[in-house]
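Engineer: Read in order, the letters of the sequence shown correspond to residues 1 to 124 in the UniProt record's numbering.
Using N, Cα and C, we set each Cβ at its ideal position, and we do this for glycine too.
Pasting a structure below so you can have a look.
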Amino acid sequence: MLTSAPITAGSCKYNQSVDNVHVSVQASVHGWWGKVGGTCPTKAKVTVYSQAYYCGLACGWVTVSVNSRTVKEGTSKRANARVVCAGKKLVGWQGFVDVDLVGVNDPKGYTYGTKTNIFCEPAW
Numbered sequence: 001m002l003t004s005a006p007i008t009a010g011s012c013k014y015n016q017s018v019d020n021v022h023v024s025v026q027a028s029v030h031g032w033w034g035k036v037g038g039t040c041p042t043k044a045k046v047t048v049y050s051q052a053y054y055c056g057l058a059c060g061w062v063t064v065s066v067n068s069r070t071v072k073e074g075t076s077k078r079a080n081a082r083v084v085c086a087g088k089k090l091v092g093w094q095g096f097v098d099v100d101l102v103g104v105n106d107p108k109g110y111t112y113g114t115k116t117n118i119f120c121e122p123a124w
C-alpha cells in the first residue's frame, strides 16, 4: 500500500492511497482518499488503474483495468479495478490512483502502488 504526501486543493489538504494488486478470485486493486486538514468536499471521484507487465514487440506496462467511483473519504469507501486471471503465469503488476475532489480544482497526478509479481496472467 502507498499513500501520497498531502495534496493541497483550495483549502483542502488530502491524500490518495492505493493498495498492492492482489488475487482473490481475480487480480484486484483498490484506491481511496483521506482528508488531512482544511475544508474538503464530502466526496471525490477516485479512479484506480491496474497494469500488467507485457512483452510483445517491446516490453512495458499495459493498463488492463480501470474503474472510477465517487466516494466519501476513508478506506471503507474505495474504487476497485478487477481483472479476470486467464492463466497462472507469474506476471508483474502495479496499481495507481487519481483522486479528483468534487467541485474543487485539484492538481493532476497519480499515486503508484508497489510493483509486485503475482500468479495471474490477464487475457491480453
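Rounded C-beta distance between Gln94 and Lys115? I'm assuming under 8 Å.
Structural biologist: For Gln94 against Lys115, the beta-carbon gap comes to about 5 Å, under 8 Å, which counts as contact.
Engineer: On the three-state DSSP scale, how would you describe Ser50?
Structural biologist: strand
Engineer: Taking Gly113 as the reference, which of Lys35, Gly60, Ser76 and Gly92 has the closest Cα?
Structural biologist: Gly92
Engineer: Considering only C-alpha positions, which residue in the set Ala86, Leu90 and Asn80 is nearest to Val97?
Structural biologist: Asn80
Engineer: Report yes or no: is there a C-beta of chain C within less than 8 Å of the C-beta of Gly10?
Structural biologist: In the displayed structure, chain C is absent; only one protein chain is listed.
Engineer: Asn20 by DSSP, collapsed to three states: which one?
Structural biologist: coil
Engineer: If we ignore side chains and look at the alpha-carbon of each, how far apart do Ala5 and Asn15 end up?
Structural biologist: 6 Å
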